[in-house]
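These notes are about the structure you will find just below.
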Amino acid sequence: MAGETRADGGRHPLFVPAILLGGVVFGFGLGLSQMYRPEVVLRFFQLTDMGLLLVMGGASVVAGTAFAVLSRTGRAAPLTGTQFGKRVKSMDRNVVLGGGIFGVGWGISGICPGAAYASLGVGNVTILYALVGMFVGAYLQGYVRSTADSAAATTEEPA
Amino acid sequence: MFDPVPLGLAGELFPNGVSRYAIGGLFVGLGVTVIYLGTGISAGASTFLESTLSYVSKQSRFQQFRFTSTRDWRVVFTLGIVLGGALYGLAFGEFGWTTEVQWWRLLFGGVLVGVGTRVGKGCTSGHGVCGVGSLSETSLLNVATFVGIAIGTAQVVAALGVTP
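Protein chains in written order, with our numbering: chain Z, 1049 to 1207; chain D, 11 to 174.
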């Protein structure tokens, strides 16, 4: 998996700076695009300001172009040695189930994880309610799945 | 920002102009590109929730190698996003802005965001930006689901008279 230590046991000295720089640019973009404001996202859900589509669309085009061009070079990333390639996430019912649950939460709150981090950076301390909620939610699903996995292991049910 | 006077249909769809949304989106994509170009990683924001829980929880779900082996740089990525937000706020005089959306919406909605993004394998950045950008069918299905359901949910919440 990408992002682990290299074969020689160490990380490239620029690995962490590259992640940090990418995060800063990403967060700055979420500020500039106003996605750090739940109010603006909620206006999109009311279909009174379609700006969110431009944000997601613009970001997708830039990232997608980079993925496509770099994948075609057949080269490896300089800081990890990881071959540039397409990301693969398996298709199953969780994709729709999870997307549905996320959608309800996003519709209620107007905030998603990346935008919440950026919003905290802008000084919106109230967003801590959402961040605490996200950790609680991530923990709850992990707890349930861990328990289900160990139950399945002890009764030797097929996975 | 520097929008031309909004006119006609564009003015109705984008009452606050298009510039800041479009340029902001380019920056978001550029951030993803910087990380991919250097490391080959297409980074999403919500995995941080689970990988960070692996520091404090022994649950087998969080102790998977894919979380424990990436949790350090995911903390760096998130700190970068926070820092980027701070730089934006300071540069554009918006630092210290706080939302008026009620706390219970943020908390309760946040819980569902936490559950849903992790069950659905990604959020607005992993699926919405990286996945849609690479035309992944999994991500397109996920994004269509969460955008559609979010619009429906928000409409219901507004219809019930909850503001903001």
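Note that CB positions come from ideal geometry on N, CA and C, so glycine has one too.
- Separation of glycine 39 of chain D and glycine 1106 of chain Z (C-alpha to C-alpha, rounded to the nearest whole angstrom) is 7 angstroms.
- The beta carbons of leucine 1078 of chain Z and glycine 143 of chain D sit no closer together than 8 angstroms.
- DSSP, read as helix, strand or coil, puts glutamine 165 of chain D in helix.
- Distances from the CA of phenylalanine 72 of chain D to each of Z:Ala1164, Z:Leu1069 and Z:Arg1193 were compared; the closest alpha carbon is that of Z:Arg1193.
- The alpha-carbon of glycine 1146 of chain Z is positioned some 12 angstroms away from that of methionine 1139 of chain Z.
- DSSP places glutamine 1131 of chain Z within a strand segment (E or B) once states are collapsed to three.
- Sequence-ordered contacts of the region 94-105 of chain D with chain Z read Gly94, Gly95, Ala96, Leu97, Tyr98, Gly99, Glu104 and Phe105 [C-beta pairs closer than 7 angstroms].
- Note that the C-beta distance between phenylalanine 105 of chain D and glycine 1171 of chain Z is below 8 angstroms.
- Of the residues assessed, tryptophan 113 of chain D falls on the exposed side of the cut-off, its CB having fewer than 16 other CB atoms within 10 angstroms.
- Close to proline 1061 of chain Z, with beta-carbon spacing below 7 angstroms, lies no residue of chain D; the smallest spacing is near 12 angstroms.
- Taking a C-beta distance under 8 angstroms as the contact criterion, glutamine 1082 of chain Z and arginine 30 of chain D qualify as a contact pair.
- Identification of residues in the region 17-34 of chain D having a C-beta nearer than 7 angstroms to some C-beta of chain Z yields Leu23, Phe24, Pro25, Asn26, Val28, Arg30, Tyr31, Ala32, Ile33 and Gly34, given in sequence order.
- Sorting D:Leu150, D:His137 and D:Leu117 by C-alpha distance to the C-alpha of valine 1173 of chain Z places D:Leu117 at the top.
- Between the region 44-57 of chain D and the region 124-140 of chain D, the count of Cβ pairs shorter than 8 angstroms is three or higher; the stretches touch.
- Using beta-carbon distances, tyrosine 65 of chain D does not count as an interface residue toward chain Z, since no partner is under 8 angstroms.
- Between phenylalanine 1063 of chain Z and leucine 1069 of chain Z, the alpha-carbon positions lie close to 10 angstroms from each other.
- For the pair serine 149 of chain D and lysine 1134 of chain Z, the CB atoms are not nearer than the 8 angstroms cut-off.
- With contacts defined as CB atoms closer than 8 angstroms, valine 1109 of chain Z and leucine 1100 of chain Z fail to qualify as a contacting pair.
- Between alanine 1164 of chain Z and glycine 119 of chain D the beta-carbon gap is near 11 angstroms, outside 8 angstroms, which marks them as no contact.
- Three or more Cβ pairs closer than 8 angstroms define a contact, and the region 1089-1098 of chain Z falls short of that threshold against the region 63-82 of chain D.
- Counting only Cβ-Cβ distances below 8 angstroms, glycine 141 of chain D has contacts in chain Z at Arg1135 and Lys1137, in chain order.
- Secondary structure of alanine 1116 of chain Z (DSSP, three-state): helix.
- Taking 8 angstroms as the cut-off, the Cβ atoms of glycine 41 of chain D and valine 1103 of chain Z do not count as close.
- Bridge pairing for alanine 1124 of chain Z: Z:Gln1131 [DSSP].
- When DSSP assignments are scanned along the region 1138-1192 of chain Z, the uninterrupted stretches of alpha helix (DSSP H) that are 4 or more residues long and fall wholly within it turn out to be 1141-1157 and 1161-1170.
- Nearest CB-CB separation between leucine 122 of chain D and chain Z: below the 8 angstroms threshold.
- Residues of chain D with a Cβ closer than 7 angstroms to the Cβ of arginine 1193 of chain Z are, in chain order, Arg71.
- According to the DSSP assignment, tryptophan 114 of chain D belongs to the alpha helix (DSSP H) that extends over 113-129.
- Only exposed fits serine 1198 of chain Z, as fewer than 16 other CB atoms lie within 10 angstroms of its CB.
- Within the same chain, Gly54 and Ala55 come within 6 angstroms of serine 135 of chain D by CB-CB distance, once the 5 residues on both sides are set aside.
- Contact annotation for alanine 169 of chain D against chain Z: no contact, minimum CB-CB distance about 10 angstroms [criterion: below 8 angstroms].
- For the options Z:Gly1169, Z:Gly1181 and Z:Arg1085, the alpha carbon positioned closest to that of alanine 101 of chain D is the one of Z:Gly1169.
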